[in-house]
Amino acid sequence: MNTQLDSFKYDDAIVRKFMVATFVWGLVGMLVGLLIALQLAVPALNVPPYLTFGRLRPLHTNAVIFAFAGNAIFTGIYYSSQRLLKARMFSDLLSALHFWGWQLIIVSAAITLPLGLTQSKEYAELEWPIDILIAVVWVIFAVNFFMTIAKRREKHLYVAIWFYIASIITVAILHIFNNLAIPAGPFKSYSIYAGAQDALMQWWYGHNAVAFFLTTPFLGLMYYFMPKAANKPVFSYRLSILHFWTLVFMYIWAGPHHLHYTALPEWASTLGMIFSVMLWMPSWGGGINGLLTLRGAWSRVVDDPVLKFFVVAVTAYMMATFEGPMLSIKSVNALAHYTDWVIAHVHTGALGWNGFLTFGMIYWLLPRLYQTKLHSTKLAETHFWIATFGMILYSTAIYSAGATQGLMWRAFDQSGHLQYPDFIETTMKLMPMYWMRALGGGLYIVGVLLFGYNILRTWQARPKVYEEPVIQAAPLVRVRGEGPSSVFAGLTKSGHRKWEGLPIVFTVWVAVAVIVASLFEILPTFLLKDTIPTIASVKPYTPLELAGRDLYQREGCFNCHSQMIRPLRYETERYGEYSKAGESVYDHPFLWGSRRIGPDLAREGGKYPNMWHVNHLRDPRSVTPKSIMPPYPGLFTGTLNFDEIEGHVGTMAMLGVPYGELTEKGKASAAAKAQAKTIADDIAANGGPQGLEDKEIVALVAYLQRLGVDIKKTEAVAQHRSPLLGGF
Amino acid sequence: MHLVDIVSHAGMGIFAEIAMILFLLAFAVIAIATYRPGNRGAMDAAARLPLEDEPAQREEEIRS
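Residue numbers (the working numbering), protein chains in the order written: chain A, 1 to 728; chain B, 1 to 64.
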């Protein structure tokens, strides 16, 4: 037996870097959040073209998810993994590349999103060059992490490490497959998926981004930092194992609950609902496990801000994971979908669970990383109370706003007509709640500023040179027959305990669980003909309409307007015939939206004359006096690039959109010019500005006038099913 | 004939339901394995890993 001990040092410098980045980007992301919250209450705060709600909202979500939460995850993972594995990170160079690469991605997002460069898929807005960079940086992180596991000196992989493994593997899979797109320019691409298939892929990604970026890695952090802070082992290690596997098995299926009552096949939606409801159990099991870790230490919660933050974080996790399954139930979802209720739900998770766990973790880390006392415990306590109060204010306001919206949209009067037929009535009702939300969010940010001050002052009190304790641990001796010779290695020995220590086997099985579940859920939508019945009258967008659609994406219109009318009476009364899957078969990407700050636009085509749209886009309040929509003066000066339109049509044709002879040289641009002239002439004839035939406004108007028009044509009734399946 | 035609014809519409049952079975196996009575000692040892990863003296200094 080799009794020689290895000596090594942990790399805490990289942890310090990620920690500071967490604060900086957290503050930036939350300030952008506050700005867009205020833009809803004061539309004049929109500064077109770069600082409008539609362009800034993705910046806010990306910043808080990938910049704030992302850097927080890396802070915790780099700190805890080295200690749990008793090994320094595999490569300081890879750690540095990971850190700087990730910051570069964030800066790229901060530049491109206000410029309107977007794929328009929620939390996957970043365009293809940045997506490639994300994949590269993620692989660097993965290599560094897995190689650290490989050279570890602790045989058993603690449950936190499992959560990290699952997160790293699954995020890679989600990112790659949801972002598959054909580039149509340096910062423009079209998703390879269309319509309902794209929607399924997006929400498979979207929900699992919440699961494997905002939940499982944070659970790993909880299972490490909560015992550390409480100085007690986790309440039940067995329960943590169950917690892990149930999440891995179930989470991946839950995505379709984001698409209830849409044109997604009903079976997929039901499957998403069932798994979502089942998720409640393991989530609460894990939450209770976290809280009970404080058994016997509850008295310390009174004096210890770290424990206070952790208790509220886990409580918020439990609240959010109770509410999530509830929202996934179709009848509840019918009320909540498209409303601010979902925003409130997300913020309970983000502000409470992710935010408070991060604050608690960093307050615990500060004295350890800066090797001095925390500057002020009192200030940390103040941060806790201000942030808690801010969060309550925020949530109360937005939950009320969501319920108000949902109930007003579905209200009928005694004569059987919509009680609030004018959408703006429901918007105006929310104003006090928007203000209250901004106040709550503002208070949360005040807390973050106190947090930053505490970090700064603690950093200032650091020693001149950081002490780097030399750690000694016995190297891991590989017992014959325990090597990862096959993925079934552990199963043939003494079950789970054995292969917990076999990282390759463990990782393979996690990947298998995620991939198999994904395939079972996704493949039928792609491979069964009757899931997307085609509609004969639905034709591809004209080249000019396609250009208009690109502008619709650039301006982020989908952040406020859905294009999916649900088959519910109050929806069809308000917007018209419900949306069919066959209507969006040429939509690369789908633009169904997930929120209605403004009305649905699925049947917008032909509803108003061209001139109405021109006035509306130039000055929304000139046609809808209380509208909170930003103006888009840039559309009247921005010039259409007809050559670029031709290229985009060609890319769409590559994706299978039947453009026929329009793909021949010069034809798409000629068609676009002709249609643009017709619309520009109509605008001029109705008293509008002259000479708009090469301006962006005509393309956007063309697109809006096309929405939902095809299905009204007489041949639309020829909806057919696959002859193979016994259709006609 | 395309892959879509073949798969559509194969009647694999209950794909997902079968997978769901398989997943639940796999979960049941893990649950039973985890709660085997013989595991307690090893589980308790594993649970203590986060508490044993820092030199005790250093932790004492920070906490004091």
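Backbone N, C-alpha and C fix where the C-beta goes; we use that ideal spot for every residue, glycine too.
- When C-beta distances to chain B are compared with 7 Å, every residue of the region 316-333 of chain A stays at or above that value.
- Assignment of GLY206/A by DSSP, reduced to helix, strand and coil, places it in the helix class.
- Residue contact with chain B for ARG238/A: present (Cβ-Cβ distance below 9 Å to some residue of chain B).
- Secondary structure in the region 260-337 of chain A: no beta strand (DSSP E) run of 3 residues or longer lies completely within the stretch.
- The beta carbons of LYS673/A and PHE642/A sit closer together than 9 Å.
- Close to LEU51/B, with beta-carbon spacing below 9 Å, are these residues of chain A in chain order: PRO227, LYS228, ASN231, LYS232, PRO233.
- Counting only runs of at least 4 residues, the region 538-573 of chain A fully encloses the following alpha helix (DSSP H) elements, listed from N- to C-terminal order: 543-554.
- For LEU450/A, the secondary structure class from DSSP, reduced to helix, strand or coil, is helix.
- Using a Cβ-Cβ cut-off of 9 Å, VAL516/A is close to ALA19, LEU22, PHE23 of chain B, given in chain order.
- In the structure shown, ALA461/A falls within a coil segment according to DSSP collapsed to helix, strand and coil.
- Using a Cβ-Cβ cut-off of 9 Å, ALA513/A counts as an interface residue toward chain B, since at least one Cβ of chain B sits closer than that to its own.
- Taken through DSSP and simplified to helix, strand or coil, PRO183/A comes out as strand.
- For ALA473/A, the enclosing beta strand (DSSP E) has its first and last residue at 471-473.
- In this structure, PRO599/A keeps its C-beta atom at 9 Å or more from the C-beta atom of LEU157/A.
- Counting only the Cα atoms, PRO233/A lies some 44 Å from GLY593/A.
- Per DSSP, PHE74/A is one residue of the alpha helix (DSSP H) stretching across 70-85.
- Assignment of beta-bridge partners to ASP6/A by DSSP yields ALA473/A.
- Under the three-state reduction of DSSP output, THR534/A falls in the strand class.
- The alpha-carbon separation between ALA268/A and LEU591/A amounts to approximately 19 Å.
- Contact annotation: the region 246-261 of chain A touches the region 508-516 of chain A, with at least three C-beta pairs closer than 8 Å.
- Its chain contains VAL614, PHE636, ILE683 as the residues whose beta carbon lies nearer than 8 Å to that of PRO689/A, once the 5 sequence neighbours on both sides are disregarded; these appear in chain order.
- With respect to ILE445/A, GLN39/A sits apart: the two C-beta atoms are not nearer than 9 Å.
- DSSP, read as helix, strand or coil, puts LEU601/A in coil.
- DSSP, reduced to helix, strand and coil, places PHE412/A within a strand of the structure shown.
- Around the Cβ of THR639/A, a 10 Å sphere holds fewer than 16 other Cβ atoms; the residue is exposed.
- Cβ proximity to chain B below 8 Å picks out GLU154, HIS156, TYR158, VAL159, ALA160 from the region 147-178 of chain A.
- Those residues of the region 621-647 of chain A placed with their C-beta closer than 9 Å to a C-beta in chain B do not exist.
- Here PHE244/A is buried: its Cβ has 16 or more other Cβ atoms, across all protein chains shown, within 10 Å.
- When DSSP states are grouped into helix, strand and coil, ARG621/A belongs to the helix group.
- Straight-line spacing of the CA atoms in TRP435/A and ALA41/A works out to 6 Å.
- Cα atoms of ALA380/A and LEU450/A: separation of roughly 8 Å, rounded to the nearest angstrom.
- If you compare the alpha carbons of ALA387/A, LYS228/A, LEU271/A, ALA150/A with that of TRP204/A, the shortest gap goes to LEU271/A.
- For TYR190/A, the enclosing beta strand (DSSP E) starts and ends at 188-191.
- Neighbours of TYR466/A in chain B, taken as residues whose beta carbon is under 8 Å from its own, are absent, since the nearest beta carbon is some 13 Å off.
- In the same chain as THR52/A, and ignoring 5 residues on each side of it, the C-beta atoms closer than 6 Å to its own belong to ASN46, PRO630, in chain order.
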